[in-house]
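**Student:** In the UniProt record's numbering, the protein residues as written are 1 to 375.
Using N, Cα and C, we set each Cβ at its ideal position, and we do this for glycine too.
These figures come from a predicted structure and were not determined experimentally.
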Amino acid sequence: MPFDGYLTTPKAAPALDVPLSSTSVQVRVIDTTSRLSAPASMILEPAIPGHDTLHCPAYSFLIEHPSGRRLLYDLGTRRDWQMLSPMVQGLLKQHDLHIEVEKNVAEILEEGGVAVSNGAIEALIWSHWHYDHIGDPSTFPASTALIVGPGFKQAFLPGYPEGSSSVILQSDYEGRELRELIFEPSAARIGGLQYHDHFGDGSFYILNAPGHAIGHLCALARVSTGEHGQQGQDSFIFMGGDTCHHGGEFRPTEYLPLPKTLDPSPMSGARMSVCPGAWLQEIHHEKKSNEPFYRVKQGFSYHAEDCERTIAKMSEFDAADNVLVIIAHDTSLLEEGFPMFPDFANDWLSNDFARKLRWCFVKDFQKAIEGTRNV
């Protein structure tokens with residue numbers, strides 16, 4: 001979109017400095033069947049009238065290397081979530097949450113032709129320890145390793161029942177390799193985030209993304225390369241985990257300001273089929289067109305300052321034309337027909353999904369706009 005398509009002239013985003021590589025991976029996004037509803041006020045601030053509830057799916061990502069090696073990033077919520085540790089059960093009872101889960105990810109994969117029980121998955125990557133991301137690793141064979149972020153072992157081991165107050169279960173890791181990633185201060189960075197090159201060939205990076213929770217990890221998958229890629233360039237999928245829970249936490253930005261017009265608009269009703277960006281700017285708490293609508297609520301994240309820094313870094317990835325950012329609980333993917341497992345997500349760029357998905361979240365602000373515009 002040209003500069004005159006925005007309410008404010010965009011600032012050029014910093015270079016991400018992704019190392020060159022001729023190798024890419026296949027990525028499939030899995031709808032884990034997990035559905036969570038939570039009060040928006042528990043997670044986001046300041047309040048926007050009419051946006052009272054967050055409706056959260058949960059995604060898992062199947063990463064397939066040309067060598068045949070496979071990884072999973074996140075697992076959603078386990079089907080028998082009532083079997084979570086007593087500590088987590090207690091936390092759930094404190095909040096007004098509604099949880100539904102139909103299947104474990106292992107079941108979904110088996111039904112889709114991935115031989116989980118035969119060791120098809122090399123490793124599971126937990127973005128962090130929260131119940132709606134860790135699934136049930138015990139449904140995978142012992143040959144499948146579990147990869148976690150910095151500080152995990154010290155904070156959470158041993159699991160329940162040996163550790164009576166632990167938020168994870170012993171069965172999550174017993175009998176399998178539990179691999180904690182360590183990022184040295186001098187570690188190389190992509191987009192300002194320290195990385196681990198999992199396959200050693202630049203096709204898939206695990207990123208240190210602190211703030212939301214102890215050991216929080218994001219990931220960056222190269223899904224096309226160079227002249228064989230889409231539009232003649234490498235393209236990537238950024239797996240954001242819980243860096244944000246809603247698009248309004250990291251959009252708009254100085255790199256991607258509000259557009260002058262959303263046409264078509266993601267909102268419902270004939271009178272809202274086209275939405276001027278000025279209407280959205282009007283409901284922004286500071287009337288800004290180039291700062292996110294929301295902040296992470298104080299007290300919700302493990303380390304607020306780190307969380308804000310990670311969000312700022314993710315926004316730089318989001319501003320890149322060849323990177324698709326997917327956070328764990330973005331309803332837009334399901335609403336806009338994004339290809340889900342068993343289909344592949346690699347062709348997102350040629351199918352223009354970054355543009356299609358980018359402003360879908362503003363549908364949650366329809367009541368606020370109607371209240372100010374009388375439309």
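#1: Go through its chain and collect everything with a Cβ distance to Gly191's Cβ below 6 angstroms, but skip five positions before and after it.
#2: Rounded to a whole number of angstroms, what is the C-alpha to C-alpha distance between Pro257 and Leu324?
#3: What residues in its chain sit with their C-beta under 7 angstroms from that of Asp132, if we drop five residues either side in the sequence?
#4: Just to confirm, is the Cβ distance from Leu7 to Lys288 under 7 angstroms?
#5: Which same chain residues end up closer than 6 angstroms to Tyr195 when comparing Cβ atoms and leaving out the 5 residues on each side of it in sequence?
#6: Compute the Euclidean distance between the alpha carbons of Ala40 and His246, then round it to the nearest angstrom.
#7: Spatial neighbours of Glu162 within its chain, please: C-beta separation below 7 angstroms, excluding the five flanking residues on both sides.
#8: At what residues does the beta strand (DSSP E) containing Thr310 begin and finish?
#9: According to the Cβ coordinates, are Val25 and Ala345 closer than 7 angstroms?
#10: In terms of residue numbering, what span does the alpha helix (DSSP H) encompassing Phe152 cover?
#11: For Phe61, which three-state DSSP category applies?
#12: Hey, would you say Gly159 sits closer than 7 angstroms to Ser165, going by beta carbons?
#13: For Pro276, write down the residues that DSSP places opposite it in a beta bridge.
#14: What's the C-alpha gap between residue 378 and Lys367?
#15: Quick check: the region 292-300 against the region 172-189, are at least 3 beta-carbon pairs closer than 8 angstroms?
#16: Does the distance from the C-beta atom of Leu109 to that of Ser235 stay below 7 angstroms?
#17: Could you pull the DSSP bridge partners for Pro185 from this structure?
#18: My output table needs one value for Ser37: the three-state DSSP class, helix, strand or coil.
**Tutor:** Taking the geometry as given:
#1: The residues are Leu16, Lys313, Glu316, Phe317.
#2: Answer to the nearest angstrom: the Cα atoms are 17 angstroms apart.
#3: Same-chain partners within the cutoff: Ser34, Leu36, Ala58, Gly76, Thr77.
#4: Here Leu7 is not near Lys288, since their CB atoms are 7 angstroms or more apart.
#5: By the criterion of a C-beta distance shorter than 6 angstroms, Tyr195 is surrounded in its chain by Tyr205, Leu207, once the five residues flanking it on both sides are discounted.
#6: Cα to Cα, Ala40 sits roughly 10 angstroms from His246.
#7: Once the five neighbours on either side are set aside, the close Cβ partners of Glu162 are Gln170.
#8: Premise fails: Thr310 lies in the alpha helix (DSSP H), 304-318, not in any beta strand (DSSP E).
#9: For Val25 and Ala345, no; Cβs fall outside 7 angstroms.
#10: First-last of the alpha helix (DSSP H) with Phe152: 152-156.
#11: It is a strand residue.
#12: Cβ distance not < 7 angstroms, so Gly159 and Ser165 don't count as in contact.
#13: In the DSSP secondary-structure assignment, Pro276 is bridged to Thr261.
#14: Because the chain spans 1 through 375 in this model, residue 378 falls outside it and cannot be assessed.
#15: Counting Cβ pairs under 8 angstroms, fewer than three are found: no touch.
#16: It is not a contact, given that the beta carbons lie outside the stated cut-off.
#17: Its beta-bridge partners do not exist; DSSP assigns none.
#18: Collapsing the DSSP output to three states places Ser37 in a strand.
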